[in-house]
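Below is one structure, written out as structure tokens, with a few remarks after it.
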Amino acid sequence: MSKLHKTVVVIPKSANSSFPKTPPKPQTVPPPPPPAAETAVDPTSVTNLILKTNPEILPQKLPGLTQWTPDLVHTILKRLWNHGPKALQFFKILDSHHTYTHSATAFDYGIDIAARMRDYKTLWALVVRMRARKLGPGPKTFAIIIERYVASGKADKAVDVFLSMHKHGCPQDLNSFNTLLDVLCKAKRAEMAYNLFKMFRGKFRADMVSYNIVANGFCLIKRTPKALEILKQMVERGLDPNVMTYNIILKGFFRAGQTKEAWEFFLQMKRRKCEIDVVTYTTMVHGFGVAGEVERSRKLFDEMVGAGVLPSVATYNALIQVLCKKDNVENAILVFDEMLWKGYVPNVTTYNLVIRGLCHVGNMDRAVEYMDRLKDDECEPNVQTYNLLIRYYCDDGEIEKGLELFEKMSSGHCLPNLDTYNILISAMFVRKKSDDLVVAGKLLLEMIDRGFLPRRFTFNRVLNGLLLTGNQGFAREILRLQSRFGRLPHQFRL
DNA sequence: TTAGGGTTAG
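Numbered per the working numbering, the first sequence spans residues 2 to 495.
Below, the structure is given as structure tokens:
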């Protein structure tokens with residue numbers, strides 16, 4: 002079997018070294034089909050194979066492994082999300098496949114992953130390649146690129162990218178303009194967004210969406226007066242605020258701690274017969290609850306059905322969070338049961354809230370029970386589920402159990418993210434054990450290997466820890482790596 | 001991926 006497989010793989014090797022510039026030609030001799038047992042490979046086993054296989058031999062193993070389809074490729078790219086280098090290698094290998102060609106979506110994923118690793122060279126190479134294949138880059142591609150530049154503190158660069166979109170064959174329009182504003186606002190750069198808004202609102206014919214985005218931007222930085230000013234401008238321009246506008250302002254009041262104003266605003270919405278929807282109520286339930294007014298929160302929750310607005314899962318989640326934080330987990334669980342009783346399907350957020358609530362009162366065993374229930378509910382624990390359990394185990398001094406969960410992640414389809422590594426590395430310092438520091442060192446190496454950039458602080462902390470516990474050899478290894486950083490591709494530069 | 005509501009630690 003393995004011998005047969007080998008002969009299959011040798012054939013495409015010659016064409017492997019560079020990207021073929023021409024579309025694949027129909028072949029007179031069809032390539033031998035992959036062995037029957039491997040034709041229907043599931044995403045999990047392919048992902049695990051990619052993770053386990055040495056990068057040097059992956060290019061030989063992968064192409065003939067299965068019948069590649071866009072869906073399979075997308076699923077695998079998503080699963081490899083927290084292992085950027087592997088994800089990009091996978092993308093590149095399939096990009097030079099004989100018969101399979103990447104979809105626009107796959108390119109967008111690849112671009113997103115490269116951008117997240119701050120590997121801008123690869124990012125732009127993919128953009129060029131995408132265009133050569135007439136798959137884009139499209140508005141979504143630019144939304145991704147802009148968001149990543151903003152997220153890494155390069156808002157000016159993001160604006161440049163927006164302004165040069167048309168040079169890549171993707172003309173700017175109102176949608177892409179609104180996306181730019183939104184990305185800036187979500188990154189707390191409302192002032193910058195507002196300046197652009199003023200500069201270009203005529204050119205792109207700013208609409209209600211643009212105004213809502215900017216108003217929300219100011220709410221996000223707790224500048225509700227400015228948000229109200231935007232609302233006023235909007236009305237002056239003859240644009241009628243809609244329920245989203247009001248919900249934005251309402252949430253803004255809560256965010257800024259102005260519960261009194263929020264209540265007044267809500268009453269005014271009612272008086273003026275504005276539309277009040279499930280989002281309005283969810284905002285109210287959550288807002289009053291986290292402000293400590295649990296009774297009021299509950300009352301609003303009970304009131305909404307009478308007002309003809311049915312709670313959503315998010316509304317239940319809001320109430321559950323409030324009860325966990327300001328009341329009692331047991332009451333939160335009663336609400337959880339009630340929602341099941343009424344036929345709602347809790348999502349992973351619901352479970353995470355209950356799990357966190359239980360962890361918080363030290364009931365780790367029951368928390369784990371809910372994690373198992375989550376799996377039974379054809380819902381999957383996500384990286385947040387794992388992270389919060391790992392965090393509480395470590396805080397509890399049960400570091401082994403935390404590490405056990407971590408191991409589980411690496412073998413399953415929920416790869417650890419940057420937070421996971423930071424949580425665990427920090428935990429390795431509490432017992433002041435030499436062995437723990439060695440684990441911290443290994444975690445540090447592993448996270449770098451997976452495309453995460455440790456902060457300088459983390460680096461030095463691990464280094465000092467190793468030196469203080471007599472692990473000079475390992476410390477030197479890490480030091481060598483640190484000094485190599487200057488020469489590594491710039492995504493690794495400190 | 002054009003706007004609003006639930007997870008995050010302190």
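Heads up, the beta-carbon is just placed ideally off N, CA and C, and yes, glycines get one too.
Note on geometry: alpha-carbon atoms of A191 and L232 lie some 15 Å from one another. Rounded to whole angstroms, F91 and G139 show a C-alpha spacing of 23 Å. C415 and D241 have their alpha carbons spaced roughly 45 Å apart. Straight across, the Cα-Cα distance linking G309 with K158 is about 47 Å. Taking C-alpha positions only, E237 is separated from F205 by approximately 18 Å. If you look at C380, you'll find it isn't in any alpha helix (DSSP H); DSSP assigns it neither H nor E. Nearest in C-alpha terms to L268, of all of K187, Y282, G239, is Y282. Look at Y394 here: in three-state DSSP terms it is helix.
Counted as a single uninterrupted DSSP element, the alpha helix (DSSP H) harbouring D303 occupies residues 295-307. By the 16-neighbour rule on beta-carbons within 10 angstroms, Q473 is exposed. Rounded to the nearest whole angstrom, the CA to CA distance from H84 to T180 is 27 Å. One alpha carbon belongs to V291, the other to K327, and they sit about 7 Å apart.
Pairing A476 with L482 gives a Cβ-Cβ distance that is not under 7 Å. Collapsing the DSSP output to three states places S484 in a helix. By the neighbour-count criterion, in which a residue is buried when 16 or more other Cβ atoms sit within 10 angstroms of its Cβ, A133 is exposed. For the alpha helix (DSSP H) assignment, the uninterrupted runs of no fewer than 4 residues enclosed by the region 182-250 are, from N- to C-terminal side, 191-205, 209-221, 225-237.
For the 7 Å CB-CB criterion, L390 and L406 form a contact. In this structure the region 451-471 lies against the region 425-436, because at least three pairs of beta carbons, one per stretch, are closer than 8 Å. N423 sits in a helix when the DSSP states are folded into three classes.
When D278, E379, V162 are compared, the shortest CA-CA separation from G307 is found for D278. By the neighbour-count criterion, in which a residue is buried when 16 or more other Cβ atoms sit within 10 angstroms of its Cβ, N55 is exposed.
The three-state reading of DSSP puts M429 in coil, since its state is none of H, G, I, E or B. Comparing alpha carbon positions, the residue from E408, I400, D450 closest to L438 is I400. Sequence-distant Cβ neighbours of G403 in its own chain, meaning closer than 7 Å and more than five residues away, are I391, Y394, C395, L425, A428. W69 is classed as buried because its beta carbon has at least 16 other beta carbons within 10 Å across all chains shown.
At the C-beta level, G253 and T225 come within 7 Å of one another. Counting C-beta atoms within 10 angstroms of its own C-beta, G288 has 16 or more neighbours from the protein chains shown and is therefore classed as buried.
Exclusion of the five residues before and after L359 leaves V330, M365, R367, A368, Y371 as the residues of its chain whose Cβ lies within less than 8 Å of its Cβ. Scanning the region 131-171 for uninterrupted beta strand (DSSP E) segments of 3 residues or longer gives nothing; none is fully contained. Judged by DSSP secondary structure, W264 falls within the alpha helix (DSSP H) whose first and last residues are 260-272. Going by DSSP, K402 is part of the alpha helix (DSSP H) stretching over 400-412. DSSP places G363 in no alpha helix (DSSP H); its state is neither H nor E.
Under the 10 Å beta carbon count, R273 is surrounded by fewer than 16 other beta carbons and is classified as exposed.
For E447, the uninterrupted alpha helix (DSSP H) run begins and ends at 435-450, by DSSP. CA-to-CA, the gap between V384 and N418 works out to about 7 Å.
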